[in-house]
Amino acid sequence: MNFDYSEDEKMLQKSVRNMLQDKHPIEKVREYMGNGKISETLTNLLASQGLLGPVSWNEKTKSIEGITYAVLTSFEVGRSVLPFPLMESYVSAYVLEKYKFESIYNEVTSGTKICTIAWEGKTMNVTSKEDALLVTGEFTYVPFAKDANYMLAKVNINSEEKVLVVNLNNENIEVRKRDSMDETYPLYNVRVKNYQFSQQDVLTTGENSTSIFDEMKMIARLLISAEMVGASEEILERTVEYTNQREQFGQSISKFQAIKHMAADMYLLLDSSKAILDYTTAVIDSNADEDLMKVTSMLKAYVSDASNEIIGTAIQVHGGIAYTWESDVHLYYKRARRSSVMLGDSYYHREKVFQSMLNQKAVLKV
């Protein structure tokens with residue numbers, strides 16, 4: 023198994039980095055925080071570069087394709103704290119294409135529509151109306167719901183699991199913003215009241231719904247981990263640059279041994295995060311015969327803690343200035359804190375890994 027990236031993949035990563043630095047610098051992020059609306063220019067930019075739907079399902083080989091490109095792009099998205107639901111777009115496009123929802127898939131990948139995901143499954147109240155059902159309930163912590171046109175959601179209807187495509191422009195849907203730490207990645211409650219859906223809105227039903235939603239979360243955990251590693255690399259570079267510029271007692275603080283030790287610890291955590299990210303990407307990309315859920319849980323658990331530690335240390339090195347509004351460091355800190363608990367924090371994923379190991383040990387004993 024080759025953990026390294028090809029020259030084409032490295033070239034893609036470099037071009038995405040240059041594009042985001044040039045077209046969407048940190049000033050654009052702060053502009054979004056001011057108006058709370060996704061830039062059409064940004065959406066069109068991502069769509070024009072083919073960055074809204076690189077992950078696909080190969081029916082012939084029964085494998086996921088394009089995952090490496092998605093990881094490298096997500097890495098750069100993390101470096102720029104991009105205010106866009108790219109992870110949700112990737113995962114949505116993947117399942118929409120896999121289950122032949124071609125019209126919505128084309129809208130999402132072309133940038134004409136935005137699709138988000140309600141990651142928390144819900145039990146809905148249901149009433150019947152002719153050949154359709156009316157559902158009522160509320161989804162919580164839905165990213166970018168105000169700007170999105172569609173939402174994928176797993177619901178329990180009459181004791182049966184379903185994955186639905188919900189039209190967020192429907193008049194029976196109310197979107198309410200929640201208070202959250204990360205203003206570059208807003209979260210909303212989505213309330214549906216007597217929302218009518220038919221069989222055409224159903225992606226999957228029954229056990230397959232749980233299976234595909236687990237797969238969606240697996241891909242999302244890989245991509246959000248890539249974002250955290252990218253943010254960690256960016257913040258380490260900014261911190262080193264700051265220590266070379268900041269002077270105390272007539273010399274730059276980068277010459278102080280205590281600062282060197284802190285920077286070395288940050289680098290160690292970053293390098294080990296990259297290693298497990300590369301490994302997990304290679305496992306999924308090569309369709310290796312491994313427990314993918316276990317591997318992604320190991321990744322999410324480690325990177326969540328490492329990212330918080332790296333960026334938390336960066337704040338200490340910068341001093342109090344790092345958490346002021348004028349500094350950009352706090353934007354990365356808040357993004358890391360939010361990302362680390364999304365789709366399960368480190369404690370949740372360590373428990374999943376341990377349970378997997380115990381189950382495997384039990385099978386071996388039998």
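Counting from 23, one number per residue, gives the positions in the sequence shown under my numbering. For glycine and all other residues, C-beta sits at the position ideal for the given N, C-alpha and C. The model shown is predicted, which means the values in this text are computed figures rather than measured ones.
Problem set entry | Pairwise C-alpha distance: residue 255 and residue 363 | 20 Å
Problem set entry | Under the three-state DSSP convention, the category residue 328 falls into | helix
Exercise. Can you list, in chain order, the residues of its chain whose CB lies under 7 Å from that of residue 257, leaving out five sequence neighbours each side?
Worked result: Cβ neighbours of residue 257 beyond the five flanking positions: 332, 333, 336, 351, 354.
For this session: Could you tell me which residues DSSP pairs with residue 159 in its beta bridges?
Result: 214
For this session: Return the CA-CA distance between residue 159 and residue 197, expressed in angstroms with no decimal places.
Result: 12 Å
Problem set entry | Residue environment, residue 259, which counts as buried when at least 16 other CB atoms sit within 10 Å | exposed
Exercise. Is it the case that the Cβ atoms of residue 248 and residue 141 are separated by a distance below 9 Å?
Worked result: no
For this session: Would you mind stating whether residue 218 and residue 151 have Cβ atoms separated by less than 9 Å?
Result: yes
Exercise. Span of the alpha helix (DSSP H) holding residue 288?
Worked result: 279–307
For this session: Using only alpha-carbon positions, find the residue among 38, 55, 112 that is nearest to residue 205.
Result: 55
Exercise. Is it right to say residue 47 is buried, meaning 16 or more other beta carbons lie within 10 angstroms of its own, or is it exposed?
Worked result: exposed
Problem set entry | Proximal residues to residue 51 (C-beta, below 7 Å), its chain only, five neighbours per side dropped | 103, 105, 206, 353
Problem set entry | Cα-Cα separation between residue 323 and residue 154, rounded to whole angstroms | Computed Cα separation, rounded: 42 Å.
Problem set entry | Distance, residue 97 Cα to residue 274 Cα | 30 Å
Exercise. Skipping 5 residues on each side, what residues in its chain have a beta carbon closer than 8 Å to that of residue 388?
Worked result: Low confidence applies to residue 388: its pLDDT is 43, below 50, so where it sits in the model is not reliable, and the reading given next is rough at best. Here the set comprises nothing.
Exercise. Since residue 222 sits in a beta bridge, which residues does DSSP pair it with?
Worked result: According to DSSP, which records beta bridges pairwise, residue 222 is partnered with nothing at all.
Problem set entry | C-alpha distance - residue 224 paired with residue 266, whole-angstrom precision | Spanning the two alpha carbons is a distance of roughly 56 Å.
Exercise. Do the stretch 173–180 and the stretch 63–76 touch if we need at least three Cβ pairs shorter than 8 Å?
Worked result: no
Exercise. Sorry if obvious, but does the Cβ on residue 304 come closer than 8 Å to a heavy atom of the ligand NAP?
Worked result: Of the ligands one can find in the structure shown there are none, so the ligand NAP has no counterpart to examine.
Problem set entry | Under the three-state DSSP convention, the category residue 170 falls into | The three-state reading of DSSP puts residue 170 in coil, since its state is none of H, G, I, E or B.
Exercise. Residue 287 to residue 303, Cα distance in whole Å?
Worked result: Cα to Cα, residue 287 sits roughly 24 Å from residue 303.
For this session: Could you pull the start and end residues of the beta strand (DSSP E) that residue 198 belongs to?
Result: 195–199
Exercise. Which first and last residues belong to the beta strand (DSSP E) in which residue 150 is found?
Worked result: 147–151
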